[in-house]
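Peer 1:
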Amino acid sequence: MFRSLKKKWNLKYLKDERFRFLFDDSEEDEIVVFDCETTGLNPAVDTIVSIGAVKIKGNKILTNEAIHIYVDQDKEIDHKSITIHQIRNCDLHGAIPIEEAIERFLFYVGNRSLAGYYLKFDVAMINKYIKPMYGITLPNKQEEVSAIYYDKKISTIPQGNIDLRFDTILEDLDLPKLQAHDALNDAIMTALIYLKLKHTTKLK
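Be aware that the sequence shown starts at 1, since it is given in full-length UniProt numbering, and climbs by one per residue.
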């Protein structure tokens, strides 16, 4: 009920009718997993460097339909940021403006549910741009994979001291680790986690 009211309130502020489809009822068998690489961890001042997203349809991860968008920067990327995501200023040759990147992302996502690891941060980074551009925040249903993992793990560790680090979850679920801090690879690994958890009733 609360989510429905919040969604209606959000829709009232939509400034671009092209994106009304974001508020349509989602298809239950499709979800988008996404990840952002950014210049830092503060949505108020930091910017998006790249966005990776991949669709899950039923039990399949549609890597052939994935997107990996590099975003042009107004200023040089800080060295500390580069050491984390490994994206240098020279790697952004051919990158697109953030406005175009956000549009591509929204048309890709559509009205599908979203999933991610530390999703609240990635959503906040997207909202930073779509709020002034279109007057709204992402209305899509959202699922946090670390919360799903926690709920399935808690019964095995009564004291509740559960390690929710990304690499720990991958190892515990016996999933492959791709090159880290690459937005698309992170999205694909998170999609693997999501599917494994959805088909696991109880973790050891």
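Note that beta-carbon positions come from the ideal geometry of N, C-alpha and C, so glycine has one too.
1) Where do the N-terminal and C-terminal ends of the alpha helix (DSSP H) with alanine 101 fall, by residue?
2) Using a threshold of 8 Å, state whether the C-beta atoms of valine 33 and threonine 190 are closer than that.
3) Beta carbon of phenylalanine 21, beta carbon of proline 139: below 8 Å?
4) Compute the Euclidean distance between the alpha carbons of isoleucine 130 and arginine 165, then round it to the nearest angstrom.
5) With distances taken between CB atoms, is the gap from asparagine 10 to threonine 137 smaller than 8 Å?
6) From this set, Ala44, Phe19, Glu143 and Ile148, which residue's C-alpha is nearest threonine 200's C-alpha?
7) When we look at the beta-carbon of glutamate 37 and count the other beta-carbons within 10 Å, is it buried (16 or more) or exposed?
8) Can you name the start and end residues of the beta strand (DSSP E) that asparagine 59 belongs to?
9) Within the same chain, show all residues whose beta-carbon is closer than 8 Å to that of isoleucine 102, passing over the 5 residues directly before and after it, in chain order.
10) From which residue to which residue does the beta strand (DSSP E) around leucine 115 run?
11) Is the separation between the beta-carbon of isoleucine 56 and that of glutamate 30 shorter than 8 Å?
12) Out of curiosity, what's the CA-to-CA distance linking phenylalanine 107 and glutamate 99?
Peer 2: Quick answer:
1) Counted as a single uninterrupted DSSP element, the alpha helix (DSSP H) harbouring alanine 101 occupies residues 98-109.
2) Less than 8 Å divides the Cβ of valine 33 from the Cβ of threonine 190.
3) In this structure, phenylalanine 21 keeps its C-beta atom at 8 Å or more from the C-beta atom of proline 139.
4) Their Cα atoms are separated by approximately 29 Å.
5) Cβ atoms of asparagine 10 and threonine 137: closer than 8 Å.
6) Closest option to threonine 200, Cα to Cα, is Ile148.
7) Glutamate 37 is buried by the Cβ-count criterion.
8) Unbroken run through asparagine 59: none, as it is neither H nor E.
9) Once the five neighbours on either side are set aside, the close Cβ partners of isoleucine 102 are Ile126, Tyr129, Ile130 and Met133.
10) Looking at the sequence provided, one finds alanine at residue 115 rather than leucine. From DSSP, the beta strand (DSSP E) with alanine 115 extends over 113-116.
11) In this structure, glutamate 30 lies closer than 8 Å to isoleucine 56 by Cβ.
12) So the alpha carbons of these two residues sit roughly 13 Å apart.
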